Amino acid sequence: MTIVRLLLPRDRADAFEGDMQEELARLASRVGPRRATLWHAREVALLVVHAMWRWLMLAVSFGAITGTVALGFWALDLEIGTYLSFPVVILALMALFRARPPQTYFLRFLTALTTFMTMTVVIYAGIRNLDSRVATIDLWGHTWRLCMMLAIGLVASACTALMSPGKSSSPYRVPFGLSILGFGAIYVTLMARGGWLALAVIATVLLATANFLRKQDTQPFARRFVVLFGVNAVMAGLTCALLFLFAHDRFAYRAWAALFQNGLLYVEIAATSLAFALLSRVSRAPRSTTGRAPDKPDLDPIPAESARRS
Amino acid sequence: MRALGDFERAVLLAVVRIEDGAYGVSIRRELERMLQRDVSLGAVYTTLGRLQEKGLVISYSGDPTPQRGGRAKKFFKVESAGRKALDQARRSAELLGALHPARGTK
Chain A
3 MTIVRLLLPR
13 DRADAFEGDM
23 QEELARLASR
33 VGPRRATLWH
43 AREVALLVVH
53 AMWRWLMLAV
63 SFGAITGTVA
73 LGFWALDLEI
83 GTYLSFPVVI
93 LALMALFRAR
103 PPQTYFLRFL
113 TALTTFMTMT
123 VVIYAGIRNL
133 DSRVATIDLW
143 GHTWRLCMML
153 AIGLVASACT
163 ALMSPGKSSS
173 PYRVPFGLSI
183 LGFGAIYVTL
193 MARGGWLALA
203 VIATVLLATA
213 NFLRKQDTQP
223 FARRFVVLFG
233 VNAVMAGLTC
243 ALLFLFAHDR
253 FAYRAWAALF
263 QNGLLYVEIA
273 ATSLAFALLS
283 RVSRAPRSTT
293 GRAPDKPDLD
303 PIPAESARRS
Chain B
49 MRALGDFERA
59 VLLAVVRIED
69 GAYGVSIRRE
79 LERMLQRDVS
89 LGAVYTTLGR
99 LQEKGLVISY
109 SGDPTPQRGG
119 RAKKFFKVES
129 AGRKALDQAR
139 RSAELLGALH
149 PARGTK
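So the protein lines, in turn, are chains A and B. Start counting at 1 in the first sequence, then tack on 2, and there's your number in the numbering used here. Start counting at 1 in the second sequence, then tack on 48, and there's your number in the numbering used here.
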């Protein structure tokens, strides 16, 4: 019954399993255990269909539309369109999940992954048919490229689902998701030779994390600093690792490695973490934990005692 | 207010008809009686989840029982917004029904 827990929130999954057991016992006494087991399997299969089909249909159509638009940009010699479509899809999915949240993390993840892969396949198939240079790539070349895109899609979808609203035990899911998405964006911008754009991405991710920490009323300064330092370090470390693996002949990697070697990167990470931790200081009154509005101050210009005396 | 789908309306109506003690199994039985066809428990639960997100029903847990493997029942109740949505759906159906040419008349 693990699949039930992936598709329904915990309390509803428990109730569903209880209902199934109740019905199964009733059916087994009437039609026999074999037919009751078949009924049980059919019910679980129908739950899977009912819980997933809306999201899958939405994901496939959304992915196909964005993929076609990106392909249109590419056909107009605006290659940036194919790169831009990925962050656009992630942002659009996050907005969608905020407006109409799927009930579980698995459903959010599946929707994001289906959208991402549909879009990738549309773009890839389009370029494969339109660009004569790509026609020379053999089957193995296509396979590893698509597997690479699947791996990126898995990570991006996991982060998108993690950052979208839903019941989560960890308050650090947003910073973690931001750092992974930020790292992806930095790598893409560095590959597109946009060094300054990469700095803008780092600043945006840190600003978003600081804003999240401020909204969460993360009180001790040290905790805010550690979270920001973690986000910074994950972004820097992963970018460096990926540059080393796939682009060690590029200027971006040499510049990055030089920063690492002379220790400037550590200073940069510590300094920006410190600055953004200070920036995320909560300046307003703390939120009421009971959900009630804080008591209004007594604005009566004449205190009750003096009014009675007069 | 978001429009209700046919099945959503049927589930909402089933919860209203059962009044107290509407949970998965009883809602499903009521739906089968109302619609005269098989209804899966999965469809009932996903629809109830959507209705809850729309703020049309609320749920609360009962006590766990041994017949259910120690799992609690989840009871559902229709909110005032749910009753309003049902009324609105009924009015729209009546309006459309009035516009429909009656059978056997020219």
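Glycine is no exception: its CB is placed at the ideal position from the N, C-alpha and C atoms. These figures come from a predicted structure and were not determined experimentally.
Tell me which residue opens and which closes the alpha helix (DSSP H) that residue i is part of.
i, result
"residue 102/B", "Unbroken run through residue 102/B: none, as it is neither H nor E."
"residue 146/B", "128-147"
"residue 67/B", "First-last for residue 67/B: undefined, no H or E at that position."
"residue 13/A", "12-33"
"residue 159/A", "141-165"
"residue 130/A", "107-132"
"residue 138/A", "Careful: residue 138/A lies outside any alpha helix (DSSP H) and carries neither H nor E."
"residue 268/A", "266-281"
"residue 85/B", "Run containing residue 85/B: none; DSSP gives neither H nor E here."
"residue 7/A", "4-9"
Do the CB positions of residue i and residue j come within less than 8 Å of each other?
i, j, result
"residue 185/A", "residue 274/A", "no"
"residue 176/A", "residue 214/A", "yes"
"residue 121/B", "residue 20/A", "yes"
"residue 183/A", "residue 191/A", "no"
"residue 166/A", "residue 216/A", "no"
"residue 75/B", "residue 59/B", "yes"
"residue 276/A", "residue 267/A", "no"
"residue 278/A", "residue 244/A", "no"
"residue 78/B", "residue 66/B", "yes"
"residue 155/A", "residue 115/A", "yes"
"residue 158/A", "residue 92/A", "yes"
"residue 10/A", "residue 71/B", "no"
"residue 73/A", "residue 124/A", "yes"
"residue 113/A", "residue 60/A", "yes"
"residue 16/A", "residue 119/B", "yes"
"residue 126/A", "residue 148/A", "yes"
"residue 136/B", "residue 27/A", "no"
"residue 236/A", "residue 181/A", "yes"
"residue 168/B", "residue 18/A", "No statement about residue 168/B is possible, as the shown extent of chain B runs from 49 to 154 and does not include it."
"residue 6/A", "residue 46/A", "yes"
"residue 224/A", "residue 203/A", "no"
Since I believe residue j is in contact with residue i (beta carbons under 8 Å), could you give me their beta-carbon distance rounded to a whole number of angstroms?
i, j, result
"residue 65/A", "residue 118/A", "7 Å"
"residue 42/A", "residue 91/B", "About 15 Å separates the two Cβ atoms, so there is no contact after all."
"residue 104/B", "residue 133/B", "6 Å"
"residue 57/A", "residue 104/A", "6 Å"
"residue 62/A", "residue 120/A", "5 Å"
"residue 211/A", "residue 233/A", "5 Å"
Mind pulling the chain B residues with CB within less than 9 Å of residue i?
i, result
"residue 13/A", "107, 109, 120 and 122"
"residue 60/A", "What residue 60/A touches in chain B: nothing, since even the nearest Cβ is about 14 Å away."
"residue 8/A", "Ordered by position in chain B, no residue passes the 9 Å Cβ test against residue 8/A, which lies about 13 Å from the chain."
Give the residues of chain A in contact with residue i, contact being defined as C-beta atoms less than 7 Å apart.
i, result
"residue 116/B", "20, 23 and 24"
Run through chain A and tell me which residues come within less than 9 Å of residue i, C-beta to C-beta.
i, result
"residue 51/B", "Neighbours of residue 51/B on chain A: none; closest Cβ ~14 Å, over 9 Å."
Below 8 Å on C-beta distance, what does residue i contact in chain B?
i, result
"residue 93/A", "Ordered by position in chain B, no residue passes the 8 Å Cβ test against residue 93/A, which lies about 22 Å from the chain."
"residue 132/A", "Within 8 Å Cβ-Cβ: nothing; residue 132/A doesn't reach chain B, min ~41 Å."
What residues in the segment 15-36 of chain A bring their beta carbon closer than 8 Å to a beta carbon of chain B? 16, 17, 18, 19, 20, 21, 22, 23, 24, 25 and 27
For the segment 39-56 of chain A, list every residue whose C-beta sits within 7 Å of some C-beta in chain B, in sequence order. 45, 48, 49, 52 and 53
Contact set between the segment 62-75 of chain B and chain A, restricted to residues whose Cβ is under 8 Å from the partner: Against chain A - using a Cβ distance shorter than 8 Å - the residues of the segment 62-75 of chain B are 71, 72 and 73.
Any residues in the segment 99-119 of chain A with a beta carbon nearer than 8 Å to a beta carbon of chain B? Which ones, in chain order? 102, 103 and 105
Interface residues of the segment 81-107 of chain B facing chain A [CB-CB below 7 Å]: Within the segment 81-107 of chain B, 88, 89, 90, 91, 93, 94 and 97 place their CB atoms closer than 7 Å to a CB of chain A, listed in sequence order.
Determine which residues of the segment 263-282 of chain A have a Cβ less than 8 Å from any Cβ of chain B, and write them out in chain order. none
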